[in-house]
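Enquirer: Each residue of the sequence shown is one higher than the one before, counting from 30 in this note's numbering.
Note that the Cβ used here is the ideal one computed from N, Cα and C, for glycine as well.
None of the values given here were measured: they were computed from a predicted structure.
I'd like to ask some things about the structure below.
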Amino acid sequence: MYAPERHQAILETARAAGRVEVTALAEALDVTAETIRRDLTALERHGLVRRVHGGAIPVERLGTELAVGERQGVFSAEKERIAKTAVAELPDGGTVVVDAGTTTARLAELLPTDRDLVVVTHGLQVAQALATRPNVTLHLVGGQVRPRTLAAVGSWAERALAEVFADVCFLGTNGLSVERGLTTPDLAEAGVKRALMRAARRTVVLADHSKLGRDDFAHVADLEGVDTVITDSGADPDVVADVEAAGPRVVRA
Numbered sequence: 030m031y032a033p034e035r036h037q038a039i040l041e042t043a044r045a046a047g048r049v050e051v052t053a054l055a056e057a058l059d060v061t062a063e064t065i066r067r068d069l070t071a072l073e074r075h076g077l078v079r080r081v082h083g084g085a086i087p088v089e090r091l092g093t094e095l096a097v098g099e100r101q102g103v104f105s106a107e108k109e110r111i112a113k114t115a116v117a118e119l120p121d122g123g124t125v126v127v128d129a130g131t132t133t134a135r136l137a138e139l140l141p142t143d144r145d146l147v148v149v150t151h152g153l154q155v156a157q158a159l160a161t162r163p164n165v166t167l168h169l170v171g172g173q174v175r176p177r178t179l180a181a182v183g184s185w186a187e188r189a190l191a192e193v194f195a196d197v198c199f200l201g202t203n204g205l206s207v208e209r210g211l212t213t214p215d216l217a218e219a220g221v222k223r224a225l226m227r228a229a230r231r232t233v234v235l236a237d238h239s240k241l242g243r244d245d246f247a248h249v250a251d252l253e254g255v256d257t258v259i260t261d262s263g264a265d266p267d268v269v270a271d272v273e274a275a276g277p278r279v280v281r282a
């Protein structure tokens, strides 16, 4: 197993169990304890875990929200597949609302050039990807910009979104579970995400498999308000089945 594969396995185990132990990982992955310690150091350097005596804890358990730059390379291949699959959810023409986030920003980069689209977003990364596209009419929603997510939030953003109505909303999320629905670490972000959903006929959630089964601090919406969830092939089949039973169609990229 190569180092990147070990890192992903360690991270998934940490997120599922809440923490990992060096000795248990070394045995499970058939490597030395020193190799695992180096892996945990690398994951900590990327802001994904926090080292503790004898092991590590995923940053989500510490209430830490990763910045955009830190999230950019996490599950990048999965996010690419999700974004490519999401292109099929676009209308032939019309208006879409695009949430801030690394996966939605990749979707913005992949928007087709063979049709005219109106795009509404509060995400600076999304706006930057689309600002010079001749076939895209871009509306950038204002508000207080959160440095961690490069998203405009607050009452100004919510009022602006209340004045539009789109065909599809492409939404990101930090957590998605049957019990808590969609969740995110920040209350202001949660408020804008709800406004994004209200501004469209359909809501398509883009969430890699690490988000499924997770809950964060601020509630966004129940799953009955979601039409489609696009995740990746690493998603737990049992979790997928539970999500589908709650209402949304689930597509694994």
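1) Inspect the CB distances between the stretch 165-178 and the stretch 203-212 and report whether three or more fall short of 8 Å.
2) Is it true that the CB of T260 sits closer than 7 Å to the CB of R278?
3) Please return the same chain residues whose Cβ sits closer than 6 Å to the Cβ of H238, not counting the five positions on each side in sequence.
4) Under 7 Å, do T132 and K113 count as touching if we go by C-beta distance?
5) From the DSSP output, read off the bridge partner residues of L241.
6) Beta carbon of A115: closer than 6 Å to some heavy atom of the ligand GTP?
7) Taking a contact to mean a Cβ-Cβ separation below 7 Å, would you say L139 touches L179 in this structure?
8) Where T127 and V78 are concerned, what is the direct C-alpha to C-alpha distance, given to the nearest angstrom?
9) Is it true that the CB of L190 sits closer than 7 Å to the CB of A224?
10) Classify V116: buried if its beta carbon has 16 or more other beta carbons within 10 angstroms, exposed otherwise.
11) Once DSSP output is grouped into helix, strand and coil, what is the label at P33?
12) Quick one: Cα of L54 to Cα of I111, how far?
13) With a 10 Å radius around its C-beta and 16 neighbouring C-beta atoms as the bar for buried, classify A229 as buried or exposed.
14) What are the complete alpha helix (DSSP H) segments, minimum 4 residues, inside the stretch 185-230?
15) State the start and end residues of the unbroken beta strand (DSSP E) segment that holds R175.
16) Since E118 and V233 are thought to touch, with beta carbons under 8 Å apart, how far apart are those beta carbons, to the nearest angstrom?
17) In the DSSP assignment, the beta strand (DSSP E) including L169 goes from what residue to what residue?
18) Could you spell out where the alpha helix (DSSP H) holding P266 opens and where it closes?
19) To the nearest angstrom, how far is the alpha carbon of D215 from that of G183?
20) Below 7 Å between beta carbons: does that hold for R35 and I86?
21) From G242, V193, A181, pick the residue whose C-alpha is nearest to that of A219; which is it?
22) Return the CA-CA distance between A195 and A186, expressed in angstroms with no decimal places.
23) Between which two residues does the beta strand (DSSP E) carrying V249 extend?
24) Helix or strand or just coil, what does DSSP make of G76?
25) What are the boundary residues of the beta strand (DSSP E) that L146 is part of?
26) I need the straight-line Cα distance from D68 to A106, nearest angstrom please.
Expert: The short version:
1) no
2) Taking the first residue of the sequence shown as position 1, residue 278 is located at position 249. Taking the first residue of the sequence shown as position 1, residue 260 is located at position 231. Cβ distance not < 7 Å, so R278 and T260 don't count as in contact.
3) By 1-based counting over the sequence shown, the position of residue 238 is 209. Taken in chain order, the residues that qualify are T260, D261, G263, A264.
4) The residue labelled residue 132 in the question sits at position 103 within the sequence shown. The residue labelled residue 113 in the question sits at position 84 within the sequence shown. No, they are not a contact pair.
5) Indexing the sequence shown from 1 puts residue 241 at position 212. DSSP output for L241 lists L205 as bridge partner(s).
6) Annotation note on the ligand GTP: not contained in the displayed structure, which lists no ligands.
7) Locating residue 139 in the sequence shown gives position 110, where the first residue counts as 1. Locating residue 179 in the sequence shown gives position 150, where the first residue counts as 1. Taking 7 Å as the Cβ cut-off, L139 and L179 do not qualify as a contacting pair.
8) For the purposes of this step, residue 127 is identified with residue 98 of the sequence shown, where counting begins at 1. For the purposes of this step, residue 78 is identified with residue 49 of the sequence shown, where counting begins at 1. In the sequence under discussion, the amino acid at residue 127 is Val, which differs from the Thr named in the question. Rounded to whole angstroms, V127 to V78 spans 29 Å at the Cα level.
9) For the purposes of this step, residue 224 is identified with residue 195 of the sequence shown, where counting begins at 1. For the purposes of this step, residue 190 is identified with residue 161 of the sequence shown, where counting begins at 1. In this structure, L190 lies closer than 7 Å to A224 by Cβ.
10) To locate residue 116, count along the sequence shown from 1; it is residue 87. Looking at its Cβ environment, which holds fewer than 16 other Cβ atoms inside 10 Å, V116 is exposed.
11) As a first step, residue 33 is located in the sequence shown; it is residue number 4 there, counting from the start. Three-state DSSP puts P33 in a helix.
12) By 1-based counting over the sequence shown, the position of residue 54 is 25. By 1-based counting over the sequence shown, the position of residue 111 is 82. Distance between the alpha carbons of L54 and I111 is about 29 Å.
13) Stepping through the sequence shown from its first residue, residue 229 is reached at position 200. Buried.
14) 216-227
15) Within the sequence shown, the letter at position 146 stands for residue 175. Element bounds for R175: 173-175.
16) Against the sequence shown, residue 118 aligns to sequence position 89. Against the sequence shown, residue 233 aligns to sequence position 204. That belief holds up - the Cβ atoms of E118 and V233 are roughly 5 Å apart, short of 8 Å.
17) As a working mapping, residue 169 is identified with position 140 in the sequence shown. From DSSP, the beta strand (DSSP E) with L169 extends over 165-169.
18) By 1-based counting over the sequence shown, the position of residue 266 is 237. 266-274 is the extent of the alpha helix (DSSP H) around P266.
19) To locate residue 215, count along the sequence shown from 1; it is residue 186. To locate residue 183, count along the sequence shown from 1; it is residue 154. Approximately 11 Å, taken between the alpha carbons.
20) The residue given as residue 35 occupies position 6 in the sequence shown. The residue given as residue 86 occupies position 57 in the sequence shown. For R35 and I86, no; Cβs fall outside 7 Å.
21) Taking the first residue of the sequence shown as 1, we reach residue 219 at position 190. Measuring from the Cα of A219, the nearest candidate turns out to be A181.
22) Locating residue 195 in the sequence shown gives position 166, counting from the first residue. Locating residue 186 in the sequence shown gives position 157, counting from the first residue. Roughly 16 Å between the two C-alpha positions.
23) In the sequence shown, counting from the first residue as 1, residue 249 sits at position 220. Where V249 is concerned, the enclosing beta strand (DSSP E) stretches over 247-250.
24) Locating residue 76 in the sequence shown gives position 47, counting from the first residue. Coil at G76, not helix or strand.
25) Within the sequence shown, residue 146 is the residue found at index 117, counting from 1. Looking at the DSSP string, the run of the beta strand (DSSP E) that includes L146 is 146-150.
26) What you label residue 68 is simply residue 39 of the sequence shown in a count that begins at 1. What you label residue 106 is simply residue 77 of the sequence shown in a count that begins at 1. Roughly 20 Å between the two C-alpha positions.
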